[in-house]
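To keep things clear, I will list the structure first and then write my remarks on it.
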Amino acid sequence: MNGIRVEALTKAYRPFGAVRPVLKGIDLTIAPGEVVGLIGPNGAGKTTLMSCIVGFLNADTGSITIDGRPNDDLDVRRRTGFVPERMNFDRRATGGAFLRYMARLAGLPRNHVRERVDELLARLGLTDAEDKRLSQYSRGMLQRIGMAQALMLDPDFLFLDEPTSGLDPNGVFLVRDLIAEEKARGAAVLLNSHQLAEVEKVCDRVLFLSGGVISRDEALRDIARITIVITLLAGSYDAAAVEAVAGAAPADHVVTVNVATEADVAQLVARVVGSGAGVIDVRRRTADLESIFRGAA
Amino acid sequence: MSLVVIAETLRRHLAHLGYIAALLMLIIIVVTMSAIGAPSQAPYEMISLFALIAGCQLIGPEFSSGTLQLILSKPIGRSTYLVSRVAGVALAIWVAIAVMFTSDVVGRLIADTPIVWRTAAAAALVSALKVLFVCSLMAFLGSFSRSYVNVGIYIGAQILMPMVFGLLSMMKNAVSGEMGAIGAFLRAHPSVIDAMGTVNKNLFPDAPFVPFDRNWIIMLLSNASVALLLACVIFSRREVPYGAD
């Protein structure tokens with residue numbers, strides 16, 4: 003199975019004849035089993051990019067293929083799941099009726115609908131809300147039922163627009179688990195989110211969209227680095243000796259060093275202790291997307 | 064066409080409080096009119112308004128609310144969806160027509176007024192076909208415009224077109240003054256007024272003089288088909304943005 007491929011995509015809006023370019027030549031690929039986060043400031047073009055890929059908007063130039071086929075191919079749609087940021091449907095419909103309608107639209111055979119809907123309601127923790135009208139659903143419940151409709155046919159390609167927005171911590175954990183399950187199943191996932199901590203937890207790779215271009219495309223394992231903060235006992239160490247073994251001089255009895263792996267952490271602490279310094283505290287901090295985002299935005 | 068979409072559209076209408084209220088009102092009017100011996104076709108005039116209101120909501124509200132985007136992410140062709148929506152709405156109003164027909168018969172039986180079966184059936188058929196055409200026209204307008212704006216366009220055109228037609232017909236006879244030149248142009252090009260008349264007749268057809276007039280039926284069906292075809296062509300390329308960055 004091929005993944006999602008976008009080549010030289012451009013898109014401009016034309017309000018009253020004025021041309022406002024939004025996407026200025028986007029190239030990206032998402033492989034099967036890969037979870038890619040799309041982040042960027044407001045107005046960067048994230049929703050426009052996702053709308054183009056899902057087929058709601060027409061690209062001006064460039065191409066979008068999903069598993070080697072055009073993105074508006076109905077067979078591709080059959081294998082695609084989409085979760086909108088705000089789930090909107092006839093609010094008088096019950097959650098169960100909504101999912102059954104979505105199942106039938108997705109082409110699930112009638113005799114499998116009931117079983118699959120029950121499965122998804124249970125998986126998303128909505129079994130008790132099956133007969134409630136959507137108007138009685140909270141924002142978080144709507145997000146979860148939005149997720150349920152997207153997973154109806156075990157999609158190969160999943161597009162998620164702020165799936166954790168409005169969710170309580172349990173809902174966030176649930177979505178995180180679902181994304182991990184989809185990834186393990188081999189689905190290619192594109193996640194558009196402002197919640198950098200979530201992106202960091204679930205994505206393999208992150209795309210920074212800024213000013214209509216992808217300014218950074220980074221694997222999270224490359225971004226992630228470990229910062230170690232070692233606090234030394236005052237008067238127990240020689241600053242020059244510590245700097246020689248740690249690569250950084252202590253400041254206010256604290257040495258801060260970046261390392262790449264967990265093994266480096268153990269070696270660093272052993273070297274500092276070996277220099278004769280008294281270590282009273284060791285803390286680790288993983289570099290987060292926020293600092294990267296601040297740099298890229 | 065998608066039976067799933069048709070059934071869902073029908074369900075939504077039949078369960079809608081506005082639909083139920085309008086239907087009850089129509090039943091009361093029909094029973095009252097039939098009891099006093101009014102012609103069977105009289106109450107059906109209101110059905111076009113019903114179709115107009117239901118038809119203008121074919122796509123617009125779904126577009127604005129974001130429901131349409133959710134549906135278009137499913138494996139259903141845009142044209143299939145649009146045609147199925149039209150069929151669902153038309154079917155919902157045909158249900159109302161069937162109820163009206165039954166109410167007419169029941170009203171006349173209760174009041175012991177004569178039933179002219181041929182007239183009653185012809186009125187119901189004309190109404191059903193008009194509904195199909197109005198829904199198709201609303202689908203066409205809805206493919207590039209929004210909800211109640213479509214009603215405005217439709218009613219505006221319904222008022223303006225005969226006025227313009229009448230005005231041009233009058234100006235055609237002008238021979239002097241500022242209108243003389245226009246009159247001369249219209250006399251030299253009679254197709255202008257003819258075209259205006261034809262468009263008006265096709266967009267807002269009067270009921271046929273003869274019950275079950277085959278030509279009238281064909282005209283209405285072909286006009287509905289053209290409107291629906293154009294709607295599908297436009298809608299299949301229309302962008303459906305959602306959310307905001």
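Same order as they appear, the protein sequences are chains V and C.
In terms of this note's numbering, the first sequence has 33 at position 31, counting the first letter as 1, and numbering is strictly consecutive.
In terms of this note's numbering, the second sequence has 295 at position 232, counting the first letter as 1, and numbering is strictly consecutive.
Glycine included, each C-beta is placed from N, C-alpha and C at the ideal position.
What's the gap between the Cα of ALA61(V) and the Cα of ALA114(C)? Going from the Cα of ALA61(V) to the Cα of ALA114(C) covers about 36 Å.
So what does DSSP say about SER238(V), is it helix, strand or coil? SER238(V) falls in the coil class under three-state DSSP.
Is PHE2(V) close to chain C? Criterion is C-beta to C-beta, closer than 7 Å. Here chain V covers residues 3 to 299 and nothing more, so residue 2(V) does not appear.
Interface positions of the region 68-92 of chain V facing chain C (Cβ-Cβ less than 7 Å), listed along the chain: LEU76, ARG79, ARG80, THR82, PHE84, PRO86, GLU87, ARG88, ASN90, PHE91, ASP92: these are the residues of the region 68-92 of chain V whose beta carbon lies less than 7 Å from some beta carbon of chain C, given in chain order.
Please compile the residues from chain V whose C-beta is within a distance smaller than 7 Å of the C-beta of ARG75(C). ASP92
Please check the pair ALA290(C) and PHE203(C), which I expect to be a contact at CB under 8 Å, by giving their CB distance rounded to whole angstroms. Going by Cβ atoms, the distance from ALA290(C) to PHE203(C) rounds to 4 Å, so yes, they are a contact pair.
Simplified DSSP state of LEU30(V), which is helix, strand or coil: strand
Starting from TYR15(V) and walking both ways along the alpha helix (DSSP H), at which residues does that stretch end? Where TYR15(V) is concerned, there is no enclosing alpha helix (DSSP H), although the beta strand (DSSP E) it sits in stretches over 6-15.
So, for LEU162(V): in the same chain, excluding its five sequence neighbours on each side, which residues have a beta-carbon less than 6 Å away from its beta-carbon? Counting only Cβ-Cβ distances below 6 Å, and skipping sequence neighbours, we find VAL85, LEU193.
Any beta carbon of chain C sitting closer than 7 Å to that of LEU107(V)? Interface with chain C (7 Å Cβ-Cβ cutoff): LEU107(V) is included.
Return the bridge partner residues of SER65(V) from the DSSP annotation. GLU9(V)
Contacting positions in the region 124-153 of chain V - beta carbon closer than 7 Å to chain C: The residues in question: there are none.
Could you tell me the distance, in whole angstroms, from the CA atom of ASP130(V) to the CA atom of ALA124(V)? 9 Å
For ALA221(V), which residues does DSSP report across the bridge? ARG207(V)
Grab the span of the alpha helix (DSSP H) containing PHE126(C) for me, first residue to last. 123-128
Are three or more beta carbon pairs between the region 205-222 of chain V and the region 62-75 of chain V nearer than 8 Å? Fewer than three pairs of CB atoms, one per stretch, sit closer than 8 Å, so the region 205-222 of chain V makes no contact with the region 62-75 of chain V.
Hey, quick one: how far does the alpha helix (DSSP H) through ILE33(C) stretch, first residue to last? In the structure as shown, chain C starts at 64 and stops at 308, and residue 33(C) therefore has no counterpart that could be examined.
Who does SER212(V) pair with in a DSSP beta bridge? VAL215(V)
7 Å is my cut-off, CB to CB: does HIS196(V) come that close to chain C? no
Contact with chain C by LEU193(V), beta-carbon distance below 7 Å: At a cut-off of 7 Å between beta carbons, LEU193(V) makes no contact with chain C.
Looking at chain V, is there any beta carbon in it that lies within less than 7 Å of the beta carbon of SER254(C)? no
Straight-line gap, ARG118(V) to LEU86(C) (C-alpha atoms, nearest Å): 37 Å
Nearest residue (CA-CA) to MET3(V), options VAL78(V), GLY57(V), SER53(V): Of VAL78(V), GLY57(V), SER53(V), the residue nearest in Cα terms is VAL78(V).
Closer than 7 Å, CB to CB, is VAL14(C) near chain V or not? Residue 14(C) is absent from the model: chain C starts at 64 and stops at 308.
Mind pulling the alpha helix (DSSP H) runs of 4 or more residues that sit fully within the region 86-144 of chain V? 97-107, 112-125
Between which residues of its own chain and VAL177(V) is the CB-CB distance below 6 Å, once the five residues before and five after are set aside? PRO165, THR166
Closest residue to LEU80(C) among VAL284(V), ARG94(V), LEU169(V) (Cα-Cα distance): ARG94(V)
What residue ranges within the region 219-298 of chain C form continuous alpha helix (DSSP H) runs of no fewer than 4 residues, ordered along the chain? 241-251, 253-266
Any residues in the region 122-138 of chain C with a beta carbon nearer than 8 Å to a beta carbon of chain V? Which ones, in chain order? SER128, GLY129, THR130, GLN132, LEU133, ILE134, LEU135, SER136, LYS137, PRO138
Proximity winner among ASP257(C), ASP276(C), ALA294(C), relative to VAL149(C) (alpha-carbon distances): Measuring from the Cα of VAL149(C), the nearest candidate turns out to be ALA294(C).
Using a 10 Å radius around the Cβ and a threshold of 16 neighbouring Cβ atoms, would you call ASN73(V) buried or exposed? buried
For chain V, check one thing: does any of its Cβ atoms lie closer than 7 Å to the Cβ of VAL67(C)? yes
So, GLU183(V) versus VAL191(V), is the Cβ gap smaller than 7 Å? no
So, helix, strand or coil for PRO106(C), using DSSP? helix
So, at 7 Å on beta carbons, what are the nonlocal neighbours of MET96(C) in its own chain, with the 5 sequence-adjacent residues on each side left out? ALA105, PRO106
Counting contacts by CB-CB distance shorter than 7 Å, is VAL38(V) in contact with chain C? Not one chain C Cβ lies under 7 Å of VAL38(V).
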